[in-house]
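Inspection log for the structure reproduced underneath, given as structure tokens.
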Amino acid sequence: MDASKKYDNPNPKLSANLLSKLIFWWLKPLFSYGRTHDLEIKDIYNVMPKDVSQHLGDKLERNWIKEVKSAEGAHRKPSFFNALRKTFAWSFAYYGGWQFFLAVVLRVLQPYVLGLLIWHFDPRAMSTATQAYTYASAVVLMSLCIALITHHSTLGLMEVGMRMRVACSSLMYRKILRLSKSSTNATTPGQIINLLSNDVARFEQLFITLHYIWILPIQGALITFMIWKSVGIASLAGVFLISIQTIPLQGYMGKWISKLRLKIAVRTDERVRLMSEIIGGIQVIKMYTWEKPFEKLVSLVRSHEIDVLTLTSYLRGFTLATFVFTERTTLYFTIMAYVLLGNSISADKVFSMAQYFNILQLTMAILYPMAVSAVAEASVSIKRLQVRQITANLLFLINSSFLQLILRELQQSHGEIRVNGSVSYASQEAWLFSGTVRNNILFGQPYDKKKYNEVVRVCALTKDFQQFNYGDKTLVGDRGASLSGGQRARINLARAVYRNADIYLLDDPLSAVDTHVGKHLFNECIKHYLQNKTRILVTHQVQHLKSCDYIIVLNNGAIECDGTFAELQNKHTNFLSMLSVEENKGDAEVTEVDENSTPDISINSGNSKDDDEAEPEETEELMAKGNISKSLYWKYFRAGGSMLMILTFICSLILGQTGSSGSDYWVAYCINGISTDTSYLDRDTALWIYGAFIIASIVLTSIRNLVFYKICMNASKNLHNLMFSCLLQAPMLFFDTHPSGRILNRFSKDVGAVDEILPRTMIESIQIFAVMIGILTQVLVINWWTVFPMLVMGFLYWQIRNIYLKTAQDMKRFEGITKSPVFSHVTSSLLGLTTIRSAGAQDMVRKEFDIHQDLHTSSYYLTIATSTAFGFALDVVSIGFIAFIAYSFIIFDDGIVGRTGAGKTSLISALFRLANLEGAIHIDNFDTKQIGLHDLRKKISIIPQEPVLFSATLRDNLDPFHNFDDATLWAALDDVELKTSISSLDYVVEQGGANFSVGQRQLLCLARAILRNNKILLLDEATANVDPTTDFLIQKTIRQKFTNCTVLTIAHRLNTIMDSDKVLVMDHGQVLEFDHPYVLLKNEQGHFTSMVKETGKLMSEQLKKVAEEVWQIFFHLQ
1 MDASKKYDNP NPKLSANLLS KLIFWWLKPL FSYGRTHDLE IKDIYNVMPK
51 DVSQHLGDKL ERNWIKEVKS AEGAHRKPSF FNALRKTFAW SFAYYGGWQF
101 FLAVVLRVLQ PYVLGLLIWH FDPRAMSTAT QAYTYASAVV LMSLCIALIT
151 HHSTLGLMEV GMRMRVACSS LMYRKILRLS KSSTNATTPG QIINLLSNDV
201 ARFEQLFITL HYIWILPIQG ALITFMIWKS VGIASLAGVF LISIQTIPLQ
251 GYMGKWISKL RLKIAVRTDE RVRLMSEIIG GIQVIKMYTW EKPFEKLVSL
301 VRSHEIDVLT LTSYLRGFTL ATFVFTERTT LYFTIMAYVL LGNSISADKV
351 FSMAQYFNIL QLTMAILYPM AVSAVAEASV SIKRLQVRQI TANLLFLINS
401 SFLQLILREL QQSHGEIRVN GSVSYASQEA WLFSGTVRNN ILFGQPYDKK
451 KYNEVVRVCA LTKDFQQFNY GDKTLVGDRG ASLSGGQRAR INLARAVYRN
501 ADIYLLDDPL SAVDTHVGKH LFNECIKHYL QNKTRILVTH QVQHLKSCDY
551 IIVLNNGAIE CDGTFAELQN KHTNFLSMLS VEENKGDAEV TEVDENSTPD
601 ISINSGNSKD DDEAEPEETE ELMAKGNISK SLYWKYFRAG GSMLMILTFI
651 CSLILGQTGS SGSDYWVAYC INGISTDTSY LDRDTALWIY GAFIIASIVL
701 TSIRNLVFYK ICMNASKNLH NLMFSCLLQA PMLFFDTHPS GRILNRFSKD
751 VGAVDEILPR TMIESIQIFA VMIGILTQVL VINWWTVFPM LVMGFLYWQI
801 RNIYLKTAQD MKRFEGITKS PVFSHVTSSL LGLTTIRSAG AQDMVRKEFD
851 IHQDLHTSSY YLTIATSTAF GFALDVVSIG FIAFIAYSFI IFDDGIVGRT
901 GAGKTSLISA LFRLANLEGA IHIDNFDTKQ IGLHDLRKKI SIIPQEPVLF
951 SATLRDNLDP FHNFDDATLW AALDDVELKT SISSLDYVVE QGGANFSVGQ
1001 RQLLCLARAI LRNNKILLLD EATANVDPTT DFLIQKTIRQ KFTNCTVLTI
1051 AHRLNTIMDS DKVLVMDHGQ VLEFDHPYVL LKNEQGHFTS MVKETGKLMS
1101 EQLKKVAEEV WQIFFHLQ
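Going by the UniProt record's numbering, 377 is the number at position 377 of the sequence shown; the sequence numbering is gapless.
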């Protein structure tokens, strides 16, 4: 598989000195360049050696294996948590030591020293100026140490979380490569992507606050002692109050949020799984005009998810509101207790208490609850990540199951399987990955030009390569979306043939190609090129059986008969009846393929571009550039609420902050004795006013947060539904040129960010901004001259913000973009697991996954590093301000392109208007461009080339609008002879219809067409992948049920179209011939005649006879 581009951009942190690392100076080149240029992916620094995905995955895997062995010895279940603990415990403990020093030493000492500095200005103080300067210097120095330790320990702990995420993702991908067939069937790409995007992301924030669970008791005891020294027994009132406001409440809410988080994860799984299915079957959905029912279904699933998210958000909103008033209520009751005990309060005591209670609130009400909540959410994620072996019922087409058993993809119920030699496998449903055609064929094998060219020739790909703009270096879209079904099948076969093996397992590779191409593949590739190899060919095309050395006929999982062609022909009547169904195609005469159809390859032919020629580049994900416009914020809020809700939020924000700031001001007012009337004269009134301010703050802050989260949840729901609606209306070109992983990334990781991270970040930012305005207002009221240093500080903040913002926005965008290849790679790997394992390519695809992860890790690390550097720079400026006060006061042309085959399927795309159309198509003299898109598609039925079923009930798969009663649905199933095979209309279809065979899926698509009862029916190679019996049933049903309809048939089997009124022969997207088949056969040099002759002498005579009989009927009717 194609790895993402590797850019060699050495990480400057590796060569940075200690000072550069301390002050984040190693990021200066990135900020300088990013401020004046639009950053690109190539500007991202290389991943740090200790963050490499393969290294972390190996380390976690070793510890997990040890844990499994230890659990087996102790007769217990293995714990994934234990493996994680052994892997990351030391890194976690190292930063925990620094956080302990920060919380217990520096944060506790700083208010004490600050109290001494304030006491210096009291007339009763006896301290000297030298002591005052010493206190001021200590405050500044401790502030600087706090800034350094805070930012570096936080960054370090986020790195630990990042490494845990990377290691879990790497281990999860390795688990995916080992999934059994039944487990693969029960595990959808959507579920895996949700684990990678949401669950493992919980680890990134886990460690930031985790240490405060054990730091809190130590810090709390020390702070209680310090407050006791200041106000005596009154301190117990404050400590008791802040304790009951935080620990029990937050503990209870943490448990509640944990339960809700598990519900959210399940419902998000369901939504992403549904999205994955819809994207995979989008073409069928568009052609059936099923956009509305699927839009309603996704909207319903999203509503269920939002309901739980809203409740969780309300809990978080109330928790955040407590951060504002907890300290103030605590200070209020402590002051009240101290005064009622007959003591006189002073500024230094109040200030010290406020600082200590602020620290306790930070730990008890913010950091401790965040830690508990993070542990609860991470525990849910760990349980979801500890994948158990899943068993599920899986129904395969019996012939394919035979090959799956040989490949050991299925477990045999009894007996044994022995495989002597290496195996190469070509799957029935072609699997291609995003990359060049050449890389799809080589699949990790070394490039041998002579061998490669020969494989291309025998697989009939020469002509296709000549048509491609870039030859075999043409980029293939997601799942080979830019190629026709036949081209995908031949590339899939070429991959298996190019691989040197002893045994070749070929699962019906001829069904998806035209008759003459199928004959070329059988003769040139299977018979001649692989003549010295063991070949096991599963096929429904019995005309080739005569050339096989040995034949095994399977029926219902058992061998019905086996032997050589002659033995079976002489001894088994069932074999003879099977041959008669296929109209004796076994007598087909071997003829050479016309050179114009598949020309011989030469060194200068167009199949392969020179190695030194530039390769086409895959369409890069579009990324916004520049700052986020203010209008975007306004659109977001308008999507979430009415003007009344927005005004309610603004009013509660202003009034709530007024109450909070008013309470602070009132304390200062009373303590300094500047009241002119009552102040100290009426102590009770002062306390009542103080209490009123606090109550107003509690009520209004709670209302503010609840209204805000309601707006955000509404916006999240509406924007998701709008985005999905736009996605459904996008043309097929969009899906052909955008990998499914990229689209799922928007609906998983990005939607998850909008659901949870964005509202929390915005309300925290708004709250901090409001508090800052409140503080600055009070400072200006008390000391107006401080406006001058504040202006200087504001100017510096603005400059730092300008340096940081553009680079940070680009990095955040890169972090989202570089995640898409990870998701695409996982999705592609899940779809091609059997091919990957049969080719022994697990190490290759794992290494590529690690490359994708490393690129994302680099962008993520730079995102958090630039953010940390920004925070540190702001703190340094604020420390300068503190020092000044202390000392003076004392951010689509190139694309995945490629022609399809002859243009047959493209004709259907034009008819359904799946692509932009030049010219016009008329139906009953109406130009289809003048007909509404849904109206057009509703009037046309189609049985697609690849039958698509969705994970829902059988009823919903047949009739998503619920327009038909049960009797009509059963009648349609009876028409396709599936009534006896299905117990109920509520029978649950697994993802992709995995519990139905390919033939049964195609019959269900036929039942859909019968129900729609339209006058136009399109058969897009509908019988290419089914056995002769199912083919006969489909043809019979069509002739019975659609006698009064216009039936357009695209087929490789000529016997299915010989009774048509007209035949259209196409090549290179151009019409070559068009007339009744009998008329076309009159032209001995015609293309259609040539195709008929290639079926063999006996078969061609039978086809001509059918055409003549139909012509006579047609002529008489005319």
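Even glycine gets a Cβ: it sits at the ideal position worked out from N, Cα and C.
All figures in this text were calculated on a predicted structure; none of them were measured in a lab.
For S941, three-class secondary structure by DSSP = Translated into positions along the sequence shown, residue 941 becomes position 941. Of the three classes helix, strand and coil, the one that applies to S941 here is strand, per DSSP.
task = Work out the CA separation of L195 and R384 for me, nearest whole Å.
result = Residue numbering aside, residue 384 sits at position 384 when the sequence shown is read from its first letter. Residue numbering aside, residue 195 sits at position 195 when the sequence shown is read from its first letter. Using only the alpha carbons, I get a separation of about 8 Å.
request  = Could you tell me whether the Cβ atoms of V458 and E416 are closer together than 8 Å?
outcome  = Position 458 of the sequence shown, counted from the start, is the residue given in the question as residue 458. Position 416 of the sequence shown, counted from the start, is the residue given in the question as residue 416. No. Outside cutoff.
task = Consider the Cβ of V231: report whether some Cβ of chain B lies at a distance smaller than 8 Å.
result = The chain labelled as chain B is not found in the depicted structure, where only one protein chain is given.
ask   = So what does DSSP say about L936, is it helix, strand or coil?
value = The residue given as residue 936 occupies position 936 in the sequence shown. Helix at L936.
ask   = Would DSSP call G641 helix, strand or coil?
value = What you label residue 641 is simply residue 641 of the sequence shown in a count that begins at 1. Residue state for G641 is assigned as coil, using DSSP reduced to three classes.
ask   = Helix, strand or coil for S424 per DSSP?
value = The count along the sequence shown starts at 1 and reaches residue 424 at position 424. Reduced to three states, the DSSP call for S424 is strand.
ask   = With burial defined as no fewer than 16 other Cβ atoms inside 10 Å of the residue's Cβ, what is the status of Y143: buried or exposed?
value = Start at 1 with the first residue of the sequence shown, and residue 143 comes out as number 143. Looking at the sequence shown, residue 143 is not Tyr but Ser. When all chains shown are included, S143 counts as buried.
query = At a cut of 8 Å, does the region 960-970 reach the region 229-248 through at least three beta carbon pairs?
reply = no
Where C726 sits in the DSSP three-state scheme = For the purposes of this step, residue 726 is taken as residue 726 along the sequence shown, with counting starting at 1. When secondary structure is reduced to three states using DSSP, C726 falls in the helix class.
query = Can you tell me whether S828 is buried or exposed, with buried defined as 16 or more other CB within 10 angstroms of its CB?
reply = Translated into positions along the sequence shown, residue 828 becomes position 828. S828 is buried by the Cβ-count criterion.
task = Whole angstroms is fine: what's the gap from G281's alpha carbon to Q191's?
result = Working through the sequence shown from its first residue, we reach residue 281 at position 281. Working through the sequence shown from its first residue, we reach residue 191 at position 191. Distance between the alpha carbons of G281 and Q191: 17 Å.
message = Does M287 come out as helix, strand or coil in the three-state DSSP assignment?
response = Within the sequence shown, the letter at position 287 stands for residue 287. M287: helix per DSSP, three-state reduction.
ask   = According to DSSP, which residues form a beta bridge with G518?
value = The count along the sequence shown starts at 1 and reaches residue 518 at position 518. DSSP output for G518 lists no bridge partner at all.
key: Cα-Cα separation, M158 to I817   = In the sequence shown, counting from the first residue as 1, residue 158 sits at position 158. In the sequence shown, counting from the first residue as 1, residue 817 sits at position 817. If I take the Cα positions, the gap works out to 20 Å.
task = Please name the residue, chosen from M713, F708, S661, that lies closest to I695 on a Cα-to-Cα basis.
result = Numbered from its first residue, the sequence shown carries residue 695 at position 695. Of the listed residues, the one whose Cα sits closest to I695 is S661.
Ordered list of beta strand (DSSP E) runs contained in the region 440-496, each at least 3 residues = none
query = Do the region 282-292 and the region 929-940 touch if we need at least three Cβ pairs shorter than 8 Å?
reply = yes
task = State yes or no: is the C-beta of Q657 within less than 8 Å of the C-beta of G774?
result = Translated into positions along the sequence shown, residue 657 becomes position 657. Translated into positions along the sequence shown, residue 774 becomes position 774. Cβ distance < 8 Å, so Q657 and G774 count as in contact.
query = Per DSSP, F926 is paired with what?
reply = Within the sequence shown, residue 926 is the residue found at index 926, counting from 1. I923.
Alpha-carbon to alpha-carbon, E1084 and V1110 = The residue given as residue 1110 occupies position 1110 in the sequence shown. The residue given as residue 1084 occupies position 1084 in the sequence shown. About 19 Å.
message = Classify A920: buried if its beta carbon has 16 or more other beta carbons within 10 angstroms, exposed otherwise.
response = Indexing the sequence shown from 1 puts residue 920 at position 920. With fewer than 16 Cβ atoms within 10 Å of its Cβ, A920 is classed as exposed.
key: Other residues of its chain near L687: CB distance less than 7 Å, five sequence neighbours each side excluded   = As a position in the sequence shown, residue 687 is number 687, starting the count at 1. M336, listed in sequence order.
Between the CA atoms of L1018 and F912 - distance to the nearest angstrom = One-based indexing of the sequence shown puts residue 912 at position 912. One-based indexing of the sequence shown puts residue 1018 at position 1018. Each residue's Cα considered, the two are about 10 Å apart.
ask   = Which whole-angstrom value is the C-beta distance of residue 1138 and V1047, which I expect to be below 8 Å?
value = There is no way to answer for residue 1138, as the model of the chain reaches only from 1 to 1118.
Host alpha helix (DSSP H) of I817 (start-end) = Here the question's residue 817 lines up with position 817 in the sequence shown. Where I817 is concerned, the enclosing alpha helix (DSSP H) stretches over 787-817.
ask   = Between N393 and V200, what straight-line distance do the alpha-carbon atoms span, to the nearest angstrom?
value = For this step, residue 393 is matched to residue 393 along the sequence shown. For this step, residue 200 is matched to residue 200 along the sequence shown. Only weak support is given to the placement of N393: the predicted model assigns it a pLDDT of 32, under 50, and the value that follows is read from those uncertain coordinates. Distance between the alpha carbons of N393 and V200: 29 Å.
key: Length of the line joining the Cα atoms of L117 and L56   = Taking the first residue of the sequence shown as position 1, residue 117 is located at position 117. Taking the first residue of the sequence shown as position 1, residue 56 is located at position 56. Whole-angstrom Cα-Cα distance: 50 Å.
query = Closest to I359 by CA distance: which of M370, E327, R438 is it?
reply = In the sequence shown, residue 359 corresponds to position 359, counting from 1. Of the residues M370, E327, R438, the one whose Cα lies closest to the Cα of I359 is E327.
task = Name the two residues that bound the continuous beta strand (DSSP E) containing C561.
result = For the purposes of this step, residue 561 is identified with residue 561 of the sequence shown, where counting begins at 1. Element bounds for C561: 558-563.
ask   = What does a CB cutoff of less than 7 Å around L1064 pick up in its chain, not counting 5 residues either side in sequence?
value = Here residue 1064 is taken as the residue at index 1064 of the sequence shown, counted from 1. Once the five neighbours on either side are set aside, the close Cβ partners of L1064 are V1071, F1074.
ask   = If you follow the beta strand (DSSP E) that V1065 is part of, which residue opens it and which one closes it?
value = Within the sequence shown, numbered from 1, the residue matching residue 1065 stands at position 1065. Note, V1065: beta strand (DSSP E), 1063-1067.
request  = Classify G280 as helix, strand or coil using the three-state DSSP reduction.
outcome  = Sequence index remark: in the sequence shown, residue 280 carries index 280 (1-based). In this structure, G280 counts as helix in the three-state DSSP scheme.
key: Three-state secondary structure (DSSP) of F433   = Here residue 433 refers to the residue found at position 433 of the sequence shown. Of the three classes helix, strand and coil, the one that applies to F433 here is coil, per DSSP.
request  = Note down, in chain order, each residue of its chain lying with its Cβ closer than 8 Å to the Cβ of R35, except the 5 sequence neighbours on either side.
outcome  = Here the question's residue 35 lines up with position 35 in the sequence shown. Counting only Cβ-Cβ distances below 8 Å, and skipping sequence neighbours, we find N802, I803, K806, T807.
task = Assign G485 to one of two classes, buried (16 or more other C-beta atoms within 10 Å of its C-beta) or exposed (fewer than that).
result = The residue labelled residue 485 in the question sits at position 485 within the sequence shown. The residue in question, G485, is buried, as its Cβ has 16 or more Cβ neighbours within 10 Å.
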